[in-house]
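K.L.:
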Amino acid sequence: CTSIVAQDDAGKLYHARNLDFGLFMGWDVKNHTWLITEYLRPLVVNVNFTRGGKTAYKSVNFAGYIGLLTGIKPNAFTITLNERFNIDGGFVGMLEWIMGQRDGHWTSFLTRTVMDKASSYDEAMSMLTKEVILAPVYYIVGGVKSGEGAVVTRDRTKLDNVMAMNTTAGEWYVLETNYDNWTNPPFFDDRRADAKKCMDYSGKKGVGFPSIFDVLSTKPVLNQLTTYTALMQVNAGTLETYIRECPHPCYPW
Amino acid sequence: NAQVLPPYTEDCQHGMYANHARCAGMPPTFEVNLDQDPSVRWNGVVQHKKKELVAMIGQIKLLVGAISPKIITAVDQYLPELIQKLPEPYGAEIQGIAKASGLPDGEILLFNIFYEIFTV
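This is the structure:
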């Protein structure tokens, strides 16, 4: 996955992501594609959650999957969830949950609960940094005010790191793939460098759906695992989703 | 310029948004009414995507079954009990999706835990 929160010269925030999933879950040797990824793409749907006849929040889901991996609460905040690979990962958390230790939240249920309960960026950040969860993940959060963008690095039981957008230091975006921001990504999966290169190339002045879509369309940020690209603008409550395909030659991840 | 050897990096792309390049389309939008009972609120989505959901679960079962067929037996036997332990409204939503799709409760739960367990 690749998630980006960026702001333009006027401080208007954009939040976008590529959702990559299906690694090592069946390789189609004939078509050179990941099997599960190919089955997931037709399941992509936009969901408009309503209450009292009004939009409460919006998300991009796979039909049949009820958690929230990409969501926007109009005029409040945006959230995306990226996987964080760890040997003490969700498998352990899930086993503990099955064995009866149920104090932790499922990671994508927590994001839905946050969408439901929180009404601001600060409230969302508070819940995402403090609650116990079943799997280590990255929560990428965007708000409505200039500078409200952060990558929350979560362990199952504790907060590991918050990388907030430091606008006083001239930062205008935060970007997360699937590796801790304080370490170098592995040489065989350095999508971070490519995405940052393209963000820096397009520059702060050009920030908007077209420029961010370009970044998320550049290989290997776009790769064989990419199921969809979602673009969100919180003030307008806009959510645009595109089912992706990566023409050959395209890296498997 | 594109690199012809892995990892196939390329120059930063331009103008992709205007013509929706490298896209296979835009997904449909559905309403999920939170005022409705959790067991029926996903019915609209499932009715439209039932065929694709059944195919997806079938593929997961093939992959998991290749490791051991006993895993699928366990999924069908034990996971439904765990749905009762999920916080509301999530348990009822999973049961509602299973009912609307005609798939076993445990297999819908299996699909929903995939993202949690594959962080390993």
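Protein chains in written order, with my numbering: chain A, 1 to 253; chain B, 254 to 373. We put the beta carbon where it would ideally sit given N, CA and C, even for glycine. None of these values were measured; they are calculated from a predicted model.
Take Val328 (chain B) and list the residues in its own chain whose beta-carbon comes closer than 6 Å to its own, dropping the five residues that flank it on each side.
P.N.:
These residues qualify, in order along the chain: Gly359, Leu363.
K.L.:
Under 9 Å, do Val285 (chain B) and Val47 (chain A) count as touching if we go by C-beta distance?
P.N.:
Yes; because the gap between Cβ atoms is below 9 Å, this pair is in contact.
K.L.:
Please classify Trp182 (chain A): is it buried, with 16 or more other beta-carbons within 10 angstroms of its beta-carbon, or exposed?
P.N.:
Exposed, because fewer than 16 other Cβ atoms sit within 10 Å of the Cβ of Trp182 (chain A).
K.L.:
To which residues does DSSP link Cys198 (chain A) through a beta bridge?
P.N.:
Note: Cys198 (chain A) sits in no beta bridge, so no partner.
K.L.:
Specify, as a first and last residue, the run of the alpha helix (DSSP H) that Tyr179 (chain A) falls within.
P.N.:
Run containing Tyr179 (chain A): none; DSSP gives neither H nor E here.
K.L.:
Label Arg154 (chain A) either buried or exposed according to how many other C-beta atoms from any shown protein chain fall within 10 Å of its C-beta, with 16 as the threshold for buried.
P.N.:
Classification for Arg154 (chain A): buried.
K.L.:
Could you work out which residues of chain C lie near Leu43 (chain A), taking near to mean beta carbons separated by less than 8 Å?
P.N.:
Protein chains in the displayed structure are A and B, and chain C is not among them.
K.L.:
Give me, in chain order, the residues of the same chain whose beta-carbon lies closer than 7 Å to that of Ile325 (chain B); leave out the 5 immediate sequence neighbours on both sides.
P.N.:
Hits under 7 Å: Lys314, Val317, Gly318.
K.L.:
For chain A, is any of its Cβ atoms less than 9 Å away from the one on Gly278 (chain B)?
P.N.:
Judged by the 9 Å Cβ criterion, Gly278 (chain B) is in contact with chain A.
K.L.:
Measure the C-alpha to C-alpha separation of Asp313 (chain A) and Cys276 (chain B) and round it to an integer number of angstroms.
P.N.:
Look at the range of chain A in this structure, 1 to 253, and you will see that residue 313 (chain A) is not part of it.
K.L.:
For Asn286 (chain B), which three-state DSSP category applies?
P.N.:
DSSP places Asn286 (chain B) in strand when its eight states are reduced to three.
K.L.:
So, with DSSP's three-state summary, where would you put Tyr368 (chain B)?
P.N.:
Helix at Tyr368 (chain B).
K.L.:
Hey, Ser211 (chain A) and Ser202 (chain A) are a contact pair by Cβ (cut 8 Å); roughly how many whole angstroms apart?
P.N.:
That belief holds up - the Cβ atoms of Ser211 (chain A) and Ser202 (chain A) are roughly 4 Å apart, short of 8 Å.
K.L.:
Could you tell me the distance, in whole angstroms, from the CA atom of Asn296 (chain B) to the CA atom of Ala150 (chain A)?
P.N.:
When rounded, the distance between both Cα atoms is 35 Å.
K.L.:
Based on Cα-Cα distance, which residue from A:Val44, A:Trp34, A:Ala10, A:Leu19 lies nearest to Tyr138 (chain A)?
P.N.:
Comparing Cα-Cα distances from Tyr138 (chain A) to each of A:Val44, A:Trp34, A:Ala10, A:Leu19, the minimum goes to A:Leu19.
K.L.:
Mind pulling the chain A residues with CB within less than 8 Å of Glu341 (chain B)?
P.N.:
By Cβ distance, chain A contributes nothing, its closest Cβ being about 11 Å from Glu341 (chain B), past 8 Å.
K.L.:
My guess is that Glu369 (chain B) and Gly90 (chain A) are in contact by the Cβ rule of under 8 Å, so how many angstroms apart are they, rounded?
P.N.:
Sure, about 4 Å apart at Cβ, within 8 Å.
K.L.:
So, is Tyr242 (chain A) buried or exposed, given that buried needs 16 or more other C-beta atoms within 10 angstroms?
P.N.:
Label assigned to Tyr242 (chain A): buried.
K.L.:
Label Phe188 (chain A) either buried or exposed according to how many other C-beta atoms from any shown protein chain fall within 10 Å of its C-beta, with 16 as the threshold for buried.
P.N.:
Phe188 (chain A) is exposed by the Cβ-count criterion.
K.L.:
Note down, in chain order, all residues in the region 262-276 of chain B with a beta-carbon under 9 Å from any beta-carbon belonging to chain A.
P.N.:
The region 262-276 of chain B vs chain A, Cβ under 9 Å: Thr262, Glu263, Asp264, Cys265, Gln266, His267, Gly268, Met269, Tyr270, Ala271, His273, Ala274, Arg275, Cys276.
K.L.:
So what does DSSP say about Ala10 (chain A), is it helix, strand or coil?
P.N.:
In the structure shown, Ala10 (chain A) sits in coil (DSSP, three-state: anything other than H, G, I, E or B).
K.L.:
Going by other Cβ atoms of all chains shown within 10 Å of its Cβ, with 16 needed for buried, is Glu176 (chain A) buried or exposed?
P.N.:
By the 10 Å Cβ count, Glu176 (chain A) comes out buried.
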